[in-house]
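Numbering (this note's numbering), first residue to last: 893 to 988.
The beta carbon of each residue, even a glycine, is placed where N, CA and C say it ideally should be.
Fair warning: this is a prediction, and the values are worked out from it, not measured in the lab.
Structure, as structure tokens:
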């Protein structure tokens, strides 16, 4: 399944082409394209689908959605177990 997941913008790489940023999805951080929201700011929440930030979202709605996704097990389905992924990367056994 490929969800549109809310996340918090942690950093923005203004030098990247296309414009990208680091997004925090409740503890899992991934890069996403910010070209559709070029004036987004660090600390704002966005909805990300297939690697693209598509729209802004208020913090309350983002947190409620993340909590619901987590309760339903959808975040783990979408991102996998963050601790397991970190351990694989640390041991050099992340094969993607």
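Is it buried or exposed for residue i, if we count other Cβ within 10 angstroms and need 16 for buried?
| i | result |
| --- | --- |
| residue 960 | exposed |
| residue 898 | buried |
| residue 949 | buried |
| residue 953 | exposed |
| residue 964 | exposed |
| residue 896 | exposed |
Which whole-angstrom value is the C-beta distance of residue i and residue j, which I expect to be below 8 Å?
| i | j | result |
| --- | --- | --- |
| residue 928 | residue 900 | Not a contact, Cβ separation roughly 17 Å. |
| residue 903 | residue 934 | 6 Å |
| residue 926 | residue 911 | 5 Å |
| residue 1018 | residue 924 | Lying outside 893 to 988, the shown extent of the chain, residue 1018 is not represented and no answer is given. |
Roughly how many angstroms separate the alpha carbons of residue i and residue j, rounded to a whole number?
| i | j | result |
| --- | --- | --- |
| residue 940 | residue 909 | 18 Å |
| residue 962 | residue 914 | 20 Å |
Along the alpha helix (DSSP H) that carries residue i, what are the first and last residues, could you check?
| i | result |
| --- | --- |
| residue 955 | 951 to 963 |
Looking at the unbroken beta strand (DSSP E) that takes in residue i, where does it start and where does it end?
| i | result |
| --- | --- |
| residue 924 | 920 to 925 |
| residue 905 | 897 to 905 |
| residue 916 | 912 to 917 |
| residue 938 | 937 to 941 |
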